[in-house]
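Respectively, the protein sequence lines represent chains A and B. Residues 9 to 283 (our numbering) make up the first sequence, in order. Residues 5 to 305 (our numbering) make up the second sequence, in order.
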Amino acid sequence: MKTAPETSAEKRIKFENPPVNELVIALFHLPLTELKAQHIGSYWDTIREKYPLCDQQPVVSSPDPQQQPFLEAPGELFPLPRFWFHNTTHPTLIQVQRNAFMLNWRRSTAALPDSQYPHYEAVAKDFWEELENYKGYVQKAVGGKLDPIQRCELTYVNIILPNELFANPAELVNVLPSIASLYDLQREDRQLAGIISTVVYSVNPTLLIDLAIRLGRRPDTNEPAVILELKAHGVPTDLSLEAARAWYGAAHDATYRLFLDATAQAMQEKIWKPR
Amino acid sequence: METAITSVVPGVFLPAPTQAGSGSTGAKALSWAHFEPTSPPQAGGGSSGTKALALHLLEPSSPPRLSAGFTLSKPLSRLVQEPKAHDVVCRFLSELTLISGGVSLKKLSSRVLEEWTTQHFVTTFLSTLTLTNSSFTGTNALSMKLFETAAREVRNMYWVSPNIVADYSTSQPIFDAIQALYLTHNRPRNRQIAIRLTALYRAALEEDETIRPASVTQFKNFFLANPELGLPKITLTPDGTLRARWIQGIGNFVAIEFTGKPNAKLVAEIPRENGLTATHFGSEPLKNIVPVAQGMGASFE
């Protein structure tokens, strides 16, 4: 087993061309029963200049089937959906639902096909600023608060497309050497075509990381592609927002180390290129 | 209700994957207990697993979406909480398909084909529900479209996180209790209890103490079952159990200590005639404790 040295922000390798396609910082909190559809509209007004678009989405629930956070709110005809607030000029998107606040950074949207990844620190800063605004709104509009926290998540969705080290599924070993070796049962008459799997690591009692791998082909270009998703999830120790801040820091650190351990050094150096 | 996908980018949909629900022939083994699926199963069709597993696979945790184009007799949100929602959807769809099959009966030469069509329709519908209602928090549609693997061979698998729910042994029951109390409709008392419980939990952490999860759960269940009782003073005992005290005055109180075991501890001092005070120490099954204490003259106001 490898040791897990602390990795300060200064010592972390930052890649020039990281495969991050999406970064999600999600915070699940006590459901705000007083929060109704009309409040969502007035919250939107507070961020509309930056996020002029709004969509409704199905609600995201806790992965624990025992958790049913969405009780029918009194005076409500339909359950409150999840809302997306986004725009065509900025790669971030806010998601709000009765018991969660999330911020996504997206590399590729229709209007912005290839945004430069600003790295975790910048996205986290956006998250906390927007969360502070949302918290203030919730307090003012419905007298509610986001504390206690139920669950935190930090999710990296990485996409690895063909490059000089990875041209076909058989070369997965050049991307994820240790993982690919588990699936290396290829013969002349049997080629690896796809993988869907997840590995879960426990970092400490309050932090787990799901490492999910998908190998397949893009239907549009028929190119092979790997999706590598690292999702850290857990509960801040005392269920407070302050503890959540520390939790995200630890989650980022652990996720970063797992990413380095899971991916091939050659890939890191030749394709993603350390700064 | 989605289960956990927070990413939103189109095309990269890596639904936190993995447990191939279909095709399992295993019994309800340890792995299943540990890898309890989190997302609504995506079409359990084809599973030859145990009944329990099959039920699990087919049980959608998501409500049918309104866009499905039919009217449900109950509020949608209520359906979400009722396990029968799946039955309702299946029955509805089966009937729908059977009607459809009836119309085209002449074209269908095989009953088997007809049955398959029904099942397939239901399965497809549930798959659609699942695909749109997952726990993926991302936004990128690419995720949904990227893989022909996912679109073809793996279609009958359902995408779930292994859901090894962390053993947040203390915080999770605390949060559950706080949430259950906090969400009780029209019960300001329960919200006050939830706030107190939060404060106690944090104080305990600061002092390196713990609250017994079984005590928390028992405490929560007691107050949810007894909405008429007044707001007590709530403290944490050195044993890590919660204690609630209803104090009327000097020599006049009743206290319950939530041991987490079937019997809770009961302590009461009750004024009697001529300035005397009756003192009671004992234990009672929790469900009897209020009437027993009231029978002795204790007040829970």
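Beta carbons: idealized from backbone N, C-alpha and C, even for Gly.
Asked	Found
N- and C-terminal bounds of the beta strand (DSSP E) containing B:E288	T281 to P289
Residue from A:V207, A:D134, A:R195 and A:L88 with nearest C-alpha to A:S186	A:V207
Contact set between A:L249 and chain B, taken where Cβ atoms lie within less than 8 angstroms	Those do not exist, as A:L249 stays about 12 angstroms from chain B at its closest Cβ, beyond 8 angstroms.
Assumed close pair A:C160, A:W92 - CB separation to whole angstroms, cut-off 8 angstroms	The pair is not a contact, with the Cβ atoms about 20 angstroms apart (cut-off 8 angstroms).
Proximal residues to A:R226 (C-beta, below 7 angstroms), its chain only, five neighbours per side dropped	A233
Option nearest B:T10 by Cα separation, candidates A:R106, A:K22, A:V181 and A:E30	A:E30
Run of the beta strand (DSSP E) containing A:H94, from where it starts to where it stops	R90 to H94
Sheet register partners of A:Q64 (DSSP bridge)	A:F91
Segment contact flag, the region 245-255 of chain B with the region 211-219 of chain B, C-beta cutoff 8 angstroms, min 3 pairs	yes
Integer Cβ distance of B:I182 from B:A198, believed to fall under 8 angstroms	5 angstroms
CA-to-CA distance, A:S70 to A:A284, given in whole angstroms	Given that chain A is displayed from residue 9 to residue 283, the structure contains no residue 284 of chain A and the question cannot be resolved.
6 angstroms Cβ shell around A:S123 - same chain, five flanking residues per side excluded	P99 and R115
Buried versus exposed, by CB contacts within 10 Å (16 or more), A:L215	buried
Under 8 angstroms by beta carbon: chain B residues contacting A:M110	T10 and T141
A:E7 burial status per 10 Å Cβ neighbour count (16 or more: buried)	No statement about residue 7 of chain A is possible, as the shown extent of chain A runs from 9 to 283 and does not include it.
Sheet register partners of A:T100 (DSSP bridge)	A:W113
Given 8 angstroms, three or more beta-carbon pairs between the region 193-206 of chain A and the region 263-272 of chain A	no
Enclosing beta strand (DSSP E) for A:P232 [first to last residue]	P232 to G242
Beta-carbon spacing of A:L173, A:L35 below 8 angstroms	no
Helix, strand or coil at A:Q276 [DSSP, three-state]	helix
Residue interval of the alpha helix (DSSP H) (run including B:S303)	No alpha helix (DSSP H) contains B:S303, which DSSP labels as neither H nor E.
is_contact[B:F179, chain C] using C-beta, thresh 8 angstroms	Judged by its chain identifiers, the structure shown contains no chain C, and its protein chains are A and B.
Beta bridge counterpart(s) of A:Q105 as assigned by DSSP	A:A108
Neighbour flag for A:V150 against chain B, beta carbons, 8 angstroms	no
Residue-level contact to chain B via CB, A:T263, 8 angstroms cutoff	no
Nonlocal neighbours in the same chain, by C-beta distance under 7 angstroms from A:I167, ignoring five residues either side	P27, N29, A233 and I235
Span of the alpha helix (DSSP H) around B:F223	P217 to A229
Supposed contact pair A:Y59 and A:H94 - C-beta distance, whole angstroms, cut 8 angstroms	6 angstroms
Cβ contact check for the region 240-248 of chain A and the region 271-281 of chain A: 3 or more pairs under 8 angstroms	no
Assigned secondary structure, A:Y51 (DSSP; H/G/I helix, E/B strand, else coil)	helix
Cross-strand partners of A:V28 (DSSP beta bridge)	A:N166
beta-carbon B:I199 near the ligand PLP non-hydrogen atom, thresh 7 angstroms	Judged by which ligands are present, the structure shown has none, so any question about the ligand PLP falls away.
B:F257: first and last residue of the uninterrupted beta strand (DSSP E) it sits in	N256 to F262
Where A:K143 sits in the DSSP three-state scheme	helix
Within-8 angstroms CB hit, A:A119 to chain B	no
Within chain B, the residues that A:A254 reaches when beta carbons sit closer than 9 angstroms	Here the premise fails: no neighbours, minimum Cβ distance about 13 angstroms.
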